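Peer 1: Okay, here's the structure, questions in a sec.
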Amino acid sequence: MGSSESVAVVGGAMGGLAAAHHLAARGRDVTLYERQRYDEKRVNCGEAMTAASAVPLAKTPENGFLNPVPAFEVSVRVDGRHLGTGTFPAEDGFVTDRNAVERAWAERLSARGVAVEAGRGVTKAEFRELGREHGLVVDATGQPSLASKVRSATDEYAGWMVALNADATGDFDELHPRARIVFEGYLGYAWAFPKSETRANVGVGWHDPPEDYFAALRSACERNGWPVPDRAATNVDVIPRGPSLDPERLHLPELNAVRVGDAAGIANRFTGKGISQAIHSARLLADCVAAGRVADYPRRLHRSMRAEYLLSSLATSVIAAGRSDLLAVMLDAASGIDIEEVDRRARKALSRLLRRPVLAARLFAVPAVRRAVWTAARNDWEYRRRSPGR
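Here it is as structure tokens:
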């Protein structure tokens, strides 16, 4: 076993950068491994960031922070009919060039003593060896995680979303600087995050993706009046569908490893938003490491997400039940709450729903909603349970 003060972080996107940052700030000797080079174009999913102040960089275009977002407009429209809109302020939100944010953060970490090994992939055998060489290994490799591959358990996640997104150029003057998310009756949504009056990240995500991804993206853009991005520049990404990994699998003593962010299977089940969740998990892990209580991390992480999980499960269950009309009423009830508060302090939004007795009665009349509440009450989330060792 290596020095208890040394940590290897595998995966250098937002979750891994946050883990390296917070662990180094707590006195750990950190080495960060990232398979891509930061000066090369990287996947640009996650261009809209909430809780941007959690990224320790000046909010300048040079650091990738292009456009402060005053609000996210979340609309429900089915078969051309507009059912409702909720407006969610974003006091701490930015639309970014995420690759530039990651590059600037990695440079800052390197300048502060973190050994940043960019362009350095880690094999399964090397992952095991890192666990023997360091006091801890942090898996921030995404989903399925490298730890899952090492354990031959890539099917242990309950589910994921497929997201298609790209930069598009054209006329975004009417929308800029606000961001827009549109639910259109399927279990997923389309979005446009303007970076300027003439450029935006546009995309669409699905829990149950269609056979032809790009045709669906093109159709969503045309329905919403957004320019269609170039197919060659479009990314296909896989992101967790909520807190899908059993807490018992977040800390893997046999590998001397823990998982954060997408590797831990966490993202908002409703929206797929995962950057603020990844940073939250990394900061919480660092607190547990500093206290010498790494084994507490899974329980603390899942406990901190329970209210968010319940709220997002309510929303996805009404969509799955074909009740987009109820989703529109839910958005109206929660409208005005800061977009990050909806996640991190979801009890505020839940209390608003419960203060509308008619809405609460309509929700609980839907069998899928009752099942979602019962599942959350038992803390039996959507992860799959497997036999020991899997």
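Letter 266 of the sequence shown, counting from 1, is numbered 368 in the working numbering, and no numbers are missing.
Every residue, glycine too, gets a C-beta built ideally from N, C-alpha and C.
None of these values were measured; they are calculated from a predicted model.
Express the C-alpha separation of PHE316 and ARG137 in angstroms, rounding to a whole number.
Peer 2: Their backbone Cα atoms lie some 27 Å apart in a straight line.
Peer 1: Among the candidates GLY166, GLY186, ALA154, whose CA atom is the shortest distance from the CA of PRO172?
Peer 2: Ranking the options by Cα distance to PRO172, first place goes to ALA154.
Peer 1: Under the three-state reduction of DSSP, which class applies to VAL216: helix, strand or coil?
Peer 2: It is coil, neither helix nor strand.
Peer 1: Can you tell me whether SER489 is buried or exposed? The criterion is at least 16 other CB atoms within 10 Å of its CB, across all chains shown.
Peer 2: Confidence at SER489 is low in this model, with a pLDDT of 40, below 50, so the placement of that residue should be treated as unreliable; the coordinate-derived value is given next. Under this definition SER489 is an exposed residue.
Peer 1: Would you give the residue range spanned by the alpha helix (DSSP H) that GLU483 belongs to?
Peer 2: The sequence given here places Trp at residue 483; Glu does not occur at that position. Note, TRP483: premise wrong, no alpha helix (DSSP H); not H, not E.
Peer 1: State the beta-bridge partners of ASP131 as determined by DSSP.
Peer 2: BP columns for ASP131 point to SER108.
Peer 1: Where GLY394 and GLU258 are concerned, what is the direct C-alpha to C-alpha distance, given to the nearest angstrom?
Peer 2: Roughly 28 Å between the two C-alpha positions.
Peer 1: Please confirm whether ALA287 and ILE341 have their CB atoms less than 8 Å apart.
Peer 2: One detail in the question is off: residue 287 reads as Gly in this sequence, not Ala. Going by C-beta atoms, GLY287 is not nearer than 8 Å to ILE341.
Peer 1: Taking the alpha-carbon positions, what's the ASP314 to ILE283 distance?
Peer 2: Whole-angstrom Cα-Cα distance: 21 Å.
Peer 1: Which residue comes first and which comes last in the alpha helix (DSSP H) that contains ARG464?
Peer 2: Its alpha helix (DSSP H) spans residues 459-466.
Peer 1: Return yes when the Cβ of GLY363 is within less than 8 Å of the Cβ of GLY242, no when it is not.
Peer 2: The question names Gly, but residue 242 in the sequence shown is Ala. For ALA242 and GLY363, yes; Cβs fall inside 8 Å.
Peer 1: So ILE441 and PRO191 are supposed to be a Cβ contact under 8 Å. How far apart are they, rounded?
Peer 2: Going by Cβ atoms, the distance from ILE441 to PRO191 rounds to 7 Å, so yes, they are a contact pair.
Peer 1: For a minimum of 4 consecutive residues, which ranges assigned as the alpha helix (DSSP H) are wholly contained in the stretch 367-396?
Peer 2: The qualifying runs are 377-392.
Peer 1: State the DSSP-derived secondary structure class of GLY114, mapped to helix, strand or coil.
Peer 2: Of the three classes helix, strand and coil, the one that applies to GLY114 here is coil, per DSSP.
Peer 1: Pull up the CB-CB distance for GLY118 and LEU134, whole angstroms please, since I reckon it's below 8 Å.
Peer 2: The Cβ separation is near 6 Å, so the contact holds.
Peer 1: Please report the Cβ distance between LEU289 and THR187, rounded to the nearest whole angstrom; I am assuming they are in contact, meaning their Cβ atoms lie under 8 Å.
Peer 2: Their Cβ separation, rounded to whole angstroms, is 19 Å, which puts LEU289 and THR187 out of contact at 8 Å.
Peer 1: Note down, in chain order, each residue of its chain lying with its Cβ closer than 6 Å to the Cβ of ASN169, except the 5 sequence neighbours on either side.
Peer 2: The answer, listed in chain order, is VAL197, PRO279, LYS297.
Peer 1: Starting from GLU136, follow its DSSP beta bridges and name the residues at the other end.
Peer 2: DSSP output for GLU136 lists ALA220 as bridge partner(s).
Peer 1: Measure the alpha-carbon distance for THR336 versus LEU456 and round it to whole angstroms.
Peer 2: Cα to Cα, the separation comes out at about 41 Å.
Peer 1: Which stretch, first to last residue, makes up the alpha helix (DSSP H) that contains THR418?
Peer 2: THR418 -> alpha helix (DSSP H) spans 408-422.
Peer 1: So what's LYS297 in DSSP terms, helix, strand or just coil?
Peer 2: Note: LYS297 maps to strand in three-state DSSP.
Peer 1: Taking LEU352 as the reference, give the member of ARG343, VAL304, GLY367 with the closest Cα.
Peer 2: The candidate whose alpha carbon is nearest that of LEU352 is GLY367.
Peer 1: Taking VAL218 as the reference, give the member of ALA115, PRO158, ARG128 with the closest Cα.
Peer 2: Checking every option, the nearest Cα to that of VAL218 belongs to ALA115.
Peer 1: So is ALA173 in contact with chain D if we call contact Cβ pairs under 8 Å?
Peer 2: Among the chains in the structure shown there is no chain D, since it carries only a single protein chain.
Peer 1: What does the Cβ neighbour count give for MET103, buried or exposed, with the cut at 16 atoms within 10 Å?
Peer 2: A caution first: MET103 carries a pLDDT of 44, below 50, which makes its placement in the model too unreliable to give a value.
Peer 1: One question on the structure: do ASP427 and LEU248 come within less than 8 Å of each other, judged by their Cβ atoms?
Peer 2: Not in contact: ASP427 and LEU248 (Cβ atoms no closer than 8 Å).
Peer 1: Classify LEU168 as helix, strand or coil using the three-state DSSP reduction.
Peer 2: Three-state result, LEU168: strand.
Peer 1: Compare the beta carbon distance of VAL420 and LEU413 with 8 Å and say whether it is the shorter of the two.
Peer 2: No, these two residues do not count as a Cβ contact at 8 Å.
Peer 1: Quick check: what's the CA-CA separation for GLY223 versus GLU299?
Peer 2: Distance between the alpha carbons of GLY223 and GLU299: 38 Å.
Peer 1: Among MET151, VAL180, GLY233, which residue has its Cα nearest to the Cα of GLU200?
Peer 2: What sits at residue 200 in the sequence shown is Arg, not Glu. That would be MET151, whose Cα lies nearest to the Cα of ARG200.
Peer 1: Whole-angstrom Cβ separation of TYR498 and ALA220, contact assumed at under 8 Å?
Peer 2: This structure gives no information on residue 498, because the portion of the chain shown stretches from 103 to 492.
Peer 1: Please name the residue in GLY424, GLU276, VAL112, SER108 whose C-alpha comes closest to that of ARG361.
Peer 2: Out of GLY424, GLU276, VAL112, SER108, VAL112 has the C-alpha closest to the C-alpha of ARG361.
Peer 1: Restricting to Cα atoms, I'd like to know which of GLY261, TRP483, VAL475, PHE466 is closest to GLY374.
Peer 2: Of the listed residues, the one whose Cα sits closest to GLY374 is GLY261.
Peer 1: What's the gap between the Cα of GLN245 and the Cα of ARG343?
Peer 2: Distance between the alpha carbons of GLN245 and ARG343: 10 Å.
Peer 1: Starting from ILE283, trace the alpha helix (DSSP H) in both directions and tell me its first and last residue.
Peer 2: Unbroken run through ILE283 is the beta strand (DSSP E), 281-285; no alpha helix (DSSP H).
Peer 1: Is the separation between the beta-carbon of ALA202 and that of ALA388 shorter than 8 Å?
Peer 2: No, they are not a contact pair.
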